[in-house]
Amino acid sequence: MPQLRTLADRKFDRSHPEKDMIPRTLLWAMLGLALSSLALVTFSTVTNRPHVGVPAAARVVNERAFVLEGKSAQAVVVRDTDGNVLLDLPHGGFVTVIQSAMARARLTARVEGNPPMKVVRYDNGRLVAEDPETGWSAELYAFGGDNKAAFERLLDQTR
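Here the working numbering = 1-based position in the sequence shown + 79.
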(Lines of atoms letter the chains of each structure in order from A; the text may use other names.)
(Lines give C-alpha, C1' and ligand atoms only; values in the text may rest on other atoms or scores of the structure.)
Protein backbone atom coordinates (compact mmCIF):
# COMPACT_ATOMS: atom_id res chain seq x y z
CA MET A 80 0.00 0.00 0.00
CA PRO A 81 1.45 3.39 -0.97
CA GLN A 82 2.26 5.67 1.90
CA LEU A 83 0.63 9.13 1.85
CA ARG A 84 2.94 11.96 2.77
CA THR A 85 1.60 14.95 4.62
CA LEU A 86 2.70 18.53 4.12
CA ALA A 87 4.60 18.37 7.42
CA ASP A 88 6.54 15.32 6.15
CA ARG A 89 7.51 17.11 2.93
CA LYS A 90 8.59 20.20 4.84
CA PHE A 91 11.57 18.40 6.30
CA ASP A 92 12.38 16.26 3.25
CA ARG A 93 15.86 17.32 2.12
CA SER A 94 16.26 14.76 -0.64
CA HIS A 95 15.55 17.45 -3.28
CA PRO A 96 16.85 20.74 -1.80
CA GLU A 97 16.72 22.54 -5.17
CA LYS A 98 12.91 22.54 -4.95
CA ASP A 99 13.08 24.64 -1.78
CA MET A 100 15.42 27.25 -3.21
CA ILE A 101 14.60 30.55 -4.90
CA PRO A 102 15.10 30.15 -8.65
CA ARG A 103 18.51 31.37 -9.78
CA THR A 104 16.96 33.54 -12.51
CA LEU A 105 14.87 35.37 -9.94
CA LEU A 106 17.94 36.01 -7.77
CA TRP A 107 19.83 37.47 -10.75
CA ALA A 108 16.82 39.65 -11.61
CA MET A 109 16.64 40.99 -8.02
CA LEU A 110 20.37 41.74 -8.05
CA GLY A 111 20.01 43.51 -11.42
CA LEU A 112 17.14 45.61 -10.09
CA ALA A 113 19.10 46.64 -6.99
CA LEU A 114 22.22 47.51 -9.02
CA SER A 115 20.16 49.44 -11.59
CA SER A 116 18.54 51.50 -8.84
CA LEU A 117 21.92 52.21 -7.28
CA ALA A 118 23.33 53.25 -10.67
CA LEU A 119 20.41 55.64 -11.35
CA VAL A 120 20.67 57.29 -7.93
CA THR A 121 24.45 57.60 -8.26
CA PHE A 122 24.14 59.16 -11.74
CA SER A 123 21.51 61.62 -10.52
CA THR A 124 23.63 62.64 -7.53
CA VAL A 125 26.93 62.94 -9.39
CA THR A 126 25.46 65.00 -12.25
CA ASN A 127 23.43 67.26 -9.90
CA ARG A 128 20.22 66.63 -11.82
CA PRO A 129 17.46 69.03 -10.81
CA HIS A 130 14.62 67.56 -8.76
CA VAL A 131 11.46 66.78 -10.68
CA GLY A 132 7.97 66.57 -9.24
CA VAL A 133 8.69 69.31 -6.71
CA PRO A 134 5.86 71.85 -6.42
CA ALA A 135 6.65 75.25 -7.88
CA ALA A 136 7.38 78.06 -5.46
CA ALA A 137 4.35 80.25 -4.84
CA ARG A 138 3.17 83.11 -2.69
CA VAL A 139 1.21 82.37 0.51
CA VAL A 140 -2.40 83.55 0.16
CA ASN A 141 -3.76 82.37 3.49
CA GLU A 142 -2.51 80.38 6.45
CA ARG A 143 -3.82 79.38 9.84
CA ALA A 144 -2.40 77.50 12.80
CA PHE A 145 -4.27 74.64 14.48
CA VAL A 146 -3.65 72.12 17.21
CA LEU A 147 -4.79 68.62 16.28
CA GLU A 148 -5.41 66.32 19.25
CA GLY A 149 -5.84 62.64 18.48
CA LYS A 150 -8.30 61.04 20.90
CA SER A 151 -8.39 57.52 19.45
CA ALA A 152 -7.82 55.76 16.17
CA GLN A 153 -10.68 57.78 14.65
CA ALA A 154 -11.47 60.72 16.92
CA VAL A 155 -9.72 64.07 16.67
CA VAL A 156 -10.23 67.48 18.25
CA VAL A 157 -9.22 70.61 16.32
CA ARG A 158 -8.34 73.65 18.43
CA ASP A 159 -7.16 77.12 17.56
CA THR A 160 -3.90 78.41 19.05
CA ASP A 161 -5.81 79.88 22.02
CA GLY A 162 -7.15 76.43 22.95
CA ASN A 163 -10.73 77.00 21.77
CA VAL A 164 -12.36 73.90 20.29
CA LEU A 165 -13.18 74.43 16.63
CA LEU A 166 -14.23 70.87 15.85
CA ASP A 167 -14.69 67.73 17.92
CA LEU A 168 -14.85 64.89 15.42
CA PRO A 169 -15.64 61.38 16.71
CA HIS A 170 -14.94 60.08 13.19
CA GLY A 171 -12.39 62.59 11.88
CA GLY A 172 -11.71 60.84 8.58
CA PHE A 173 -8.93 62.54 6.67
CA VAL A 174 -8.26 65.03 9.48
CA THR A 175 -7.40 62.04 11.67
CA VAL A 176 -5.10 60.68 8.96
CA ILE A 177 -3.16 63.96 8.82
CA GLN A 178 -3.04 64.14 12.64
CA SER A 179 -1.67 60.59 12.83
CA ALA A 180 0.98 61.24 10.16
CA MET A 181 2.07 64.44 11.88
CA ALA A 182 2.16 62.71 15.28
CA ARG A 183 4.39 60.00 13.81
CA ALA A 184 6.77 62.61 12.35
CA ARG A 185 6.90 64.33 15.74
CA LEU A 186 7.55 61.06 17.52
CA THR A 187 10.53 60.26 15.29
CA ALA A 188 11.82 63.84 15.62
CA ARG A 189 11.32 63.67 19.42
CA VAL A 190 9.15 66.78 19.57
CA GLU A 191 7.67 67.30 23.04
CA GLY A 192 4.08 68.38 23.59
CA ASN A 193 1.61 69.17 20.85
CA PRO A 194 2.59 72.47 19.21
CA PRO A 195 0.40 73.97 16.48
CA MET A 196 0.60 72.95 12.84
CA LYS A 197 -0.29 75.17 9.89
CA VAL A 198 -2.59 74.85 6.91
CA VAL A 199 -1.31 77.06 4.09
CA ARG A 200 -2.98 78.03 0.81
CA TYR A 201 -0.71 79.21 -2.01
CA ASP A 202 -1.64 81.35 -5.01
CA ASN A 203 -1.03 78.44 -7.40
CA GLY A 204 -3.84 76.42 -5.80
CA ARG A 205 -1.75 74.27 -3.48
CA LEU A 206 -3.10 73.52 -0.02
CA VAL A 207 -0.50 72.19 2.39
CA ALA A 208 -0.50 70.95 5.98
CA GLU A 209 2.86 71.93 7.50
CA ASP A 210 4.49 71.12 10.81
CA PRO A 211 6.99 73.89 11.63
CA GLU A 212 8.52 71.76 14.42
CA THR A 213 9.66 68.89 12.18
CA GLY A 214 9.53 70.23 8.62
CA TRP A 215 6.93 67.55 7.76
CA SER A 216 4.30 68.55 5.23
CA ALA A 217 1.49 67.01 3.22
CA GLU A 218 0.15 68.34 -0.08
CA LEU A 219 -3.57 68.18 0.72
CA TYR A 220 -4.76 68.80 -2.85
CA ALA A 221 -3.18 65.49 -3.86
CA PHE A 222 -5.63 63.47 -1.73
CA GLY A 223 -8.78 64.39 -3.61
CA GLY A 224 -11.40 67.10 -3.47
CA ASP A 225 -13.33 65.85 -0.44
CA ASN A 226 -10.22 65.49 1.70
CA LYS A 227 -8.92 68.88 0.59
CA ALA A 228 -12.32 70.44 1.36
CA ALA A 229 -12.12 69.31 5.00
CA PHE A 230 -9.04 71.48 5.52
CA GLU A 231 -10.33 74.31 3.33
CA ARG A 232 -13.35 74.61 5.64
CA LEU A 233 -10.98 74.87 8.62
CA LEU A 234 -8.86 77.47 6.85
CA ASP A 235 -11.86 79.55 5.78
CA GLN A 236 -13.62 79.31 9.16
CA THR A 237 -13.99 82.73 10.78
CA ARG A 238 -11.81 83.32 13.78
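Glycine is no exception: its CB is placed at the ideal position from the N, C-alpha and C atoms.
Could you give the first and the last residue of the continuous beta strand (DSSP E) run that contains residue i?
{"i": "ASP167", "result": "164-168"}
{"i": "GLU148", "result": "139-149"}
{"i": "VAL198", "result": "196-201"}
{"i": "GLU231", "result": "Per DSSP, GLU231 belongs to no beta strand (DSSP E); it is in the alpha helix (DSSP H), 224-235."}
{"i": "ALA208", "result": "206-209"}
Distance, Cα to Cα, residue i vs residue j?
{"i": "ARG28", "j": "LEU112", "result": "Residue 28 is absent from the model: the chain starts at 80 and stops at 238."}
{"i": "SER154", "j": "GLU148", "result": "Checking the sequence, you will find Ala at residue 154 rather than Ser. Rounded to whole angstroms, ALA154 to GLU148 spans 9 Å at the Cα level."}
{"i": "ARG138", "j": "ASP202", "result": "6 Å"}
{"i": "PHE222", "j": "ASP235", "result": "19 Å"}
{"i": "THR187", "j": "LEU110", "result": "31 Å"}
{"i": "VAL190", "j": "ASP167", "result": "24 Å"}
Could you tell me which of the options sits nearest to residue i, measuring between CA atoms?
{"i": "ALA135", "options": "ARG205, GLN153, PHE222 and GLY162", "result": "ARG205"}
{"i": "ARG158", "options": "THR124, VAL146, GLN236 and ILE177", "result": "VAL146"}
{"i": "ALA152", "options": "HIS130, ASN141, PRO129 and ILE177", "result": "ILE177"}
{"i": "ASN141", "options": "PHE222, GLY223 and GLU209", "result": "GLU209"}
{"i": "LEU233", "options": "VAL131, LEU119, ARG143 and THR124", "result": "ARG143"}
{"i": "VAL133", "options": "THR126, ASN226 and GLU218", "result": "GLU218"}
For residue i, count neighbouring C-beta atoms within 10 Å of its own C-beta (all shown protein chains included) and say buried if the count is 16 or more, exposed if not.
{"i": "ARG185", "result": "buried"}
{"i": "ILE101", "result": "exposed"}
{"i": "VAL199", "result": "buried"}
{"i": "THR160", "result": "exposed"}
{"i": "PHE122", "result": "exposed"}
{"i": "THR175", "result": "buried"}
Establish whether the CB of residue i and some CB of chain B are separated by less than 8 Å.
{"i": "ARG128", "result": "Here there is only one protein chain, and chain B is not present."}
For the alpha helix (DSSP H) holding residue i, just list the boundary residues, first then last.
{"i": "ARG103", "result": "103-125"}
{"i": "ALA182", "result": "173-188"}
Exercise. Does the count of Cβ pairs from the stretch 193-202 and the stretch 162-176 closer than 8 Å reach three?
Worked result: no
For this session: Determine contact between the stretch 210-229 and the stretch 178-188, defined as no fewer than three beta-carbon pairs at a distance below 8 Å.
Result: yes
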